[in-house]
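Reviewing the structure listed below.
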Amino acid sequence: MSFLQVYPGGLEDFHPGGRQELLEIAEAFRTYGVHDGTHSASREDLSGGPLALPVSMVAPAVLLEHAPWVADWYRGPLLKYARAFMGRLVVASEDPRNFPLVNVHEQGVRYEAHVDSNQPVGLELLAGDCSPQNGGALAISNRGDVPDLGALLANCVRHYPRVGEVAIMDGYRRTHAVEPLLVGERVMMVYNFWTEQAPESMRLAGLAEYDQGKRPSSQ
Ligand SMILES: [Fe+2]
């Protein structure tokens, strides 16, 4: 599929023991919030009122403080994957607020349908046994930007991430969501990259706050 590519070799090859280190950081420092589906990047049916999807994550600043080596992995091998996927003009974030983060999807909880405000995005599973039986798929629209979860699931591809691989995807103007993992937690590293079409300076206002489940001061 042209909008997602899987690359073998994850952070454990770059920094042995790093996966366990990050899981311990996630356990100790994750913060909790709620996505209500009202952000301009959300693609949810709000006809029944706002959503209340629990989210939990480790913010980039916290991750960098406790695992500074992640920045070298991100700006080194990860950037090479991103450029292999989308060309040599891809750049890593300059703003530490857009640096790598960890999302924890609790058992049975989906992640809202949305479009990305940047491209490409790297995804690396740290824990969670995603499969057609267990769930946990990243569902990506075959039709680009569609308005809600129903429209997404009506015509999508499902990617089941695996520990030890990195997926690079283009979710810019393409609706995607994470289906609930039925057994255990799904712990995912997220790496933002940027192109000329969607430079870092254009990142949607308030999205870093929304990612954390906080209501942004403006959007
Ligand atoms: Fe996304």
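Residue numbering for the sequence shown follows the numbering used here, starting at 550 and increasing by one per position.
From the three backbone atoms N, C-alpha and C, an ideal C-beta is built for every residue, glycine too.
No experiment lies behind these values; they were computed from the predicted model shown.
Supposed contact pair residue j and residue i - C-beta distance, whole angstroms, cut 8 Å
i: residue 655; j: residue 603; result: 6 Å
i: residue 693; j: residue 685; result: About 24 Å separates the two Cβ atoms, so there is no contact after all.
i: residue 662; j: residue 724; result: 6 Å
Best match in the options for proximity to residue i [C-alpha to C-alpha]
i: residue 771; options: 638, 590, 712, 687; result: There is simply no residue 771 to check, as the chain begins at 550 and stops at 768 in what is shown.
i: residue 730; options: 653, 692, 702; result: 653
i: residue 742; options: 717, 570, 565; result: 717
i: residue 660; options: 606, 578, 551; result: 606
i: residue 726; options: 735, 698, 624; result: 698
i: residue 733; options: 594, 592, 679; result: 679
i: residue 675; options: 567, 648, 704; result: 567
i: residue 749; options: 670, 559, 663, 627; result: 670
i: residue 682; options: 704, 724, 728, 689; result: 728
Near ligand 2: residue i beta-carbon under 7 Å from a heavy atom
i: residue 715; result: What this structure holds is ligand 1, not ligand 2.
Nonlocal neighbours in the same chain, by C-beta distance under 7 Å from residue i, ignoring five residues either side
i: residue 610; result: 645
i: residue 583; result: 601, 602, 603, 604, 762
i: residue 643; result: 749
i: residue 705; result: 688, 689, 690, 691
i: residue 638; result: 744, 745
Nonlocal neighbours in the same chain, by C-beta distance under 8 Å from residue i, ignoring five residues either side
i: residue 651; result: 571, 574, 575, 579, 606, 607, 612, 675, 736, 737, 738, 739
i: residue 559; result: 568, 673, 712, 713, 714, 715
Other residues of its chain near residue i: CB distance less than 6 Å, five sequence neighbours each side excluded
i: residue 594; result: 697
i: residue 747; result: 667, 668, 721
i: residue 640; result: 743
i: residue 627; result: 671, 740
- At 3 residues or longer, and completely inside the stretch 638-687: list those beta strand (DSSP E) runs for me, N to C. 650-654, 660-663, 670-676
- Task: Please write down, chain order preserved, every residue whose beta carbon lies under 5 Å from a heavy atom of ligand 1.
- Result: 665, 720
- Sequence ranges, alpha helix (DSSP H) only - wholly within the stretch 696-755, length at least 4: 698-703
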